[in-house]
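Protein chains in written order, with my numbering: chain A, 1 to 406; chain B, 407 to 669. We put the beta carbon where it would ideally sit given N, CA and C, even for glycine. I have placed the structure first, in the form of C-alpha cells, so that the comments after it can refer back to it.
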C-alpha cells in the first residue's frame, strides 16, 4: 500500500491518474462516492472501477455480496494497481479492507491523513513502513493507458478481395504503414491456420472448423480485422490443400458481411460484458458471445476445462477448443474463481470436476435456467446473442476431392 | 431555446456588455474542455440571461440541463433533482443517494456518438448549495465515467463557498464576475437598450442610474418597462426627468445602492 500525497487535491492529479485507468493493463481507478463511509459502500465504487455498471449490485440482487464480489473481480481482472482517489475521505476501516486485497498494489491518493488512517496504515504494513510519496511519482510506475483503442477503428480498411489476391491487393491499396499493420496480422494467422490443417483434415464434422475459425478470429476488434484474419486463414489452409469456402450458396453475401464479419469481442462489447457483476452471468454471456456454444454445451463445462493460455484463456468443450482473448478473460476467470459452497463438500471443485457455471448455492444450472440467465445478462449488458457464427461453413479437402465436409 | 428579458419588455434589445461576451466565451470554453466554471455576482446583473443567451447560440453543440435547489439542500436532493432533470422522470422514489448517484453516473456517462452534443449542467442560484453539495457535483464531474461541463451560476455566496476550499477553487476553469454597469457604460449602452433612451442626455440617464438602477440590469429593465408605459401615455417619444420621477414614484421611490460583496 502506498500513500500518494496531493495536499492541494489538485485536478491534475485526478486527471493524470484517471487517465491511467486501463483494466486490460491491470490498472483500476476507484473514485469513492462522497460519504462512502463503510466497506459495503466502497465495494460499490470498487466494482464501478472494475467496469461494472453503476447500480449493478442492486440490479443483480447482489448488494450483500459487494465486498466479496469486489475481491473476486479484482482477482479475475488481474488488477495489479488499484488507485483510490480522495482516499482521505474514507474511514480507517476502509483502508484496512483495501490493504487486504490480495495481489494488488493499492495506491491511496490523499490530501491529508487522520491519526486513525495513519494507525490503519501502520497496522497494514507488514514489511516496513508504508511508502509516502508525491502523487506524480506514481506515474512512472503505472503503465500508460492504451489510447489507441478506439473501438477497433484503428485497424486499416481491408480490401474486399478474395483470398488469393487479398495480400497483393492490400499491398497495392494501403499505405506502407497500414499494410504493415494488416500484414502482421495476416502472416500470424496464415501460420497459425497451417498448424490446424491436420486436425481439420481428420475431423468428421463442421464443429472443428468452427472452433478453429473462432480461435483465429476472436482477437479481431473490427470487421476489417475479421476479414483480414479470414483471408489469411483461407490462404494458410489452402497452402495445405484445404479450401475454406466463405461464400456457401445458402449464405447470401449481406448475411456474411453483417453477421460473420462482425467482431464478437470488440472493445465496446468487452466493456459491456465487464458491466455484469454476477460472475456466473458474466461468464455465461461472455462464453456464449465468444464461442457460440449452446446452453447445453455451457452447462457441460467444468472448471478444469478453462485453462490459462498466455494472457488469455482456452476453453475445452469436448474435442473442441476455443480461445478467449485476454481482454475478455476476466468474466470467465471470475466464474472459475467464484467458489460457492459445493454440494459435494468441495472435493469435486478442488479436483476441477465441478461445473463451471453453478447457482449461488453451488448446484449445477439447468439448461433452461442458463438460457434465461444469458438472455437477461445480455439484455442488461446491451449486447446481442448469439453473435455471428461460422456454423455450416464448408471446408473441402482438395487432396481427397470426393469428400466435402459440411 | 429562446432567451427572454426580465419583464419581457417590448422593443428592448440585448445590451452588448463586456460580461455578456465573457460569459459567452466562458460557456464555449467550458463545453470544449468539459470543465467547471462559475458566473457570480449580485442579483439582477444578467447572469442567467447571459448564460441562456450563450446556450441559445449553441443548441446544436450543447445539451444543457438547468437545475436549481432550495437553500442548503442535501446531497440526496441534489442527486434526485439532477436525475429528474436529466432523465425527465421526476419520481426519485425512496432510493437512497447512492442508488441515485449510480443512475446519475449512467445519465452523465460519455454518450459521444449518440447525438454529438456535449452535456452542460447549469446550476442556477448556486449560492444555495453548501460545500457538501458542491463536493458531490465535483465528484460527479471528476468521475471517470462521466463527461459533462459544469457551470455554477449564482450570487457572490457561490464564490465564497468555492473559495473557502482550494480543491474546489482550483477546479474552476472559467470564472466571470458580474458587476453593475459603470456610469460610463450606462451612458454608452442604454441608448441601445430601448427606443425611449435614444438621444436622451447623459444627465437624465445618470439621474435614473444614481437614484434607482445603480447599474443593475434588472432594475434598469423594471424602470424601462414602467417608463415606456408612461411615455406612451404622455405621447412622449423618449424619457425625460419628469417621466423618470413618475416612474420612481410608481416603484415606491428612489432606491439605495445595494452593497456588493467583495469578490
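- In the DSSP assignment, the residues bridged to residue 308 of chain A are A:313.
- Taking a Cβ-Cβ threshold of 8 angstroms, none of the residues of chain B is close to residue 62 of chain A; the smallest such distance is about 13 angstroms.
- Neighbours of residue 572 of chain B in chain A, taken as residues whose beta carbon is under 8 angstroms from its own, are 8 and 9 in chain order.
- Its Cα nearest to that of residue 337 of chain A, the residue A:70 stands out among A:1, A:70 and A:299.
- One alpha carbon belongs to residue 197 of chain A, the other to residue 225 of chain A, and they sit about 22 angstroms apart.
- For residue 548 of chain B, the closest Cβ of chain A is nearer than 8 angstroms.
- With contacts defined by Cβ atoms closer than 8 angstroms, residue 378 of chain A and residue 356 of chain A do not form a contacting pair.
- Spatial neighbours of residue 595 of chain B in its own chain (CB-CB distance under 8 angstroms, excluding positions within 5 residues in sequence) are listed in chain order as 421, 422, 423 and 587.
- If you draw a straight line from the Cα of residue 583 of chain B to the Cα of residue 445 of chain B, it is about 6 angstroms long.
- Around the C-beta of residue 160 of chain A, fewer than 16 other C-beta atoms lie within 10 Å, and the residue is accordingly described as exposed.
- Burial is judged here by how many other beta carbons sit within 10 angstroms of a residue's own beta carbon; residue 112 of chain A has fewer than 16 and is exposed.
- Neighbourhood of residue 31 of chain A in chain B, by CB distance below 8 angstroms: 545, 548, 549 and 550, in chain order.
- In the three-state reduction of the DSSP assignment, residue 22 of chain A falls in the strand class, which pools E and B.
- A direct Cα-Cα distance of roughly 27 angstroms separates residue 193 of chain A from residue 385 of chain A.
- At least 8 angstroms separates the CB of residue 104 of chain A from every CB of chain B.
- When 7 angstroms is used as the limit between beta carbons, residue 505 of chain B is near these residues of chain A: 55 and 58, in chain order.
- Considering only B:574, B:643 and B:662, the residue with the shortest C-alpha distance to residue 417 of chain B is B:643.
- Annotation: residue 17 of chain A to residue 317 of chain A spans about 41 angstroms, alpha carbon to alpha carbon.
- Residue 93 of chain A is positioned such that its CB atom lies no closer than 8 angstroms to that of residue 66 of chain A.
- With fewer than 16 other Cβ atoms inside 10 Å of its own Cβ, residue 137 of chain A counts as exposed.
- For residue 294 of chain A, the secondary structure class from DSSP, reduced to helix, strand or coil, is coil.
- Counting other Cβ atoms within 10 Å of its Cβ, residue 465 of chain B stays below 16 and is therefore classed as exposed.
- Residues of chain A whose Cβ lies closer than 9 angstroms to the Cβ of residue 542 of chain B are, in chain order, 33, 34 and 35.
- Here the segment 554–568 of chain B lies against the segment 529–537 of chain B, with 3 or more beta-carbon pairs under 8 angstroms apart.
- Across the structure, residue 208 of chain A and residue 370 of chain A are spaced so that their CA atoms are roughly 24 angstroms apart.
- Closer than 9 angstroms at the C-beta level to chain B, one finds these residues of the segment 99–124 of chain A: 111.
- It is roughly 21 angstroms from the alpha-carbon of residue 381 of chain A to the alpha-carbon of residue 489 of chain B.
- In chain order, 231 place their CB closer than 6 angstroms to the CB of residue 166 of chain A, counting only its own chain and leaving out the 5 sequence neighbours on each side.
- Collapsing the DSSP output to three states places residue 554 of chain B in a strand.
- Residue pairing from DSSP places residue 583 of chain B in a beta bridge opposite B:446.
- Residues of chain A whose Cβ lies closer than 9 angstroms to the Cβ of residue 509 of chain B are, in chain order, 54 and 55.
- Look at residue 423 of chain B here: in three-state DSSP terms it is coil, with no helix or strand label.
- Using a Cβ-Cβ distance cut-off of 8 angstroms, the segment 601–612 of chain B and the segment 563–571 of chain B are not in contact, since fewer than three pairs of beta carbons, one from each stretch, lie closer than that value.
- Membership of residue 324 of chain A in the beta strand (DSSP E) is indicated by the continuous run 320–324.
- Less than 8 angstroms divides the Cβ of residue 437 of chain B from the Cβ of residue 467 of chain B.
- Residues of the same chain with a CB within less than 7 angstroms of the CB of residue 229 of chain A, apart from the 5 flanking positions on each side, are 185, 189, 216, 217 and 220 in chain order.
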